[in-house]
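Numbering (my numbering), first residue to last: 3 to 209.
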């Protein structure tokens, strides 16, 4: 619905994907009928809300997961897939390069039509973890971060940039996430990264 609405209004639709098991299930569905034909893929621009700083061939790569489950199965133009550059760059330079790439297609007046997000059992979303320096970042749209909990560098949208988006959809599955979802919707969890996400138009939760 949102893709058709955006394409009717401005001629294209922008979406940022997330990684993880739940999005993989969604991506496989989108790659099949009727969605494969109902979505005007040639007018869709795809980015990634966060990425692990690993080669694109790594099984840890969100890009690789999206490619194998969705992107290579639908008629989307290769130029319309904005992947995080991870080759021959430091994490800091990769984040700056990706932000420059995103700024060619996204602006404050023309934000992402939809950003997909997940939630970790600790309340993190994208690669914004509790107590992360990304929680206080106000200027940058995209930033590199060393995630101690995962022992790796990641490139992530920042909280202010996520909150610029028209629509945001959280995809959460599994009984292990029940406790943190309950906390996010309580006063006790108000400071958690996922609880601080708010779309300009509509925030959806698919549980």
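Even glycine gets a Cβ: it sits at the ideal position worked out from N, Cα and C.
Source: prediction; values computed, not measured.
Determine, using beta carbons only, whether residue i and residue j come nearer to each other than 7 Å.
| i | j | result |
| --- | --- | --- |
| residue 158 | residue 193 | no |
| residue 3 | residue 114 | no |
| residue 174 | residue 121 | yes |
| residue 118 | residue 127 | no |
| residue 170 | residue 196 | no |
| residue 71 | residue 30 | yes |
Using CA coordinates, which residue listed in the options is at the minimum distance from residue i?
| i | options | result |
| --- | --- | --- |
| residue 5 | 40, 164, 146 and 141 | 40 |
| residue 151 | 54, 206, 66 and 76 | 54 |
| residue 73 | 60, 204, 57 and 49 | 49 |
| residue 165 | 184, 137 and 9 | 137 |
| residue 14 | 80, 42, 123 and 34 | 42 |
| residue 123 | 38, 184 and 59 | 184 |
Residue i lies in the beta strand (DSSP E); which residues open and close that run?
| i | result |
| --- | --- |
| residue 37 | Note, residue 37: premise wrong, no beta strand (DSSP E); alpha helix (DSSP H) at 37-40. |
| residue 144 | 144-149 |
| residue 50 | 46-50 |
For the putative contact between residue i and residue j, defined by C-beta atoms under 8 Å, what is the C-beta separation to the nearest angstrom?
| i | j | result |
| --- | --- | --- |
| residue 46 | residue 82 | 6 Å |
| residue 155 | residue 146 | 6 Å |
| residue 144 | residue 206 | Contact flag wrong, Cβ pair sits at about 23 Å. |
Could you tell me whether any non-hydrogen atom of the ligand SAH is closer than 6 Å to the CB of residue i?
| i | result |
| --- | --- |
| residue 116 | Because no ligand of any kind appears in the structure shown, any question about the ligand SAH cannot be addressed here. |
Along the alpha helix (DSSP H) that carries residue i, what are the first and last residues, could you check?
| i | result |
| --- | --- |
| residue 4 | 4-12 |
Margin query: Could you tell me which whole alpha helix (DSSP H) segments of length 4 or greater appear in the region 63-125?
Written below: 64-71 and 93-105
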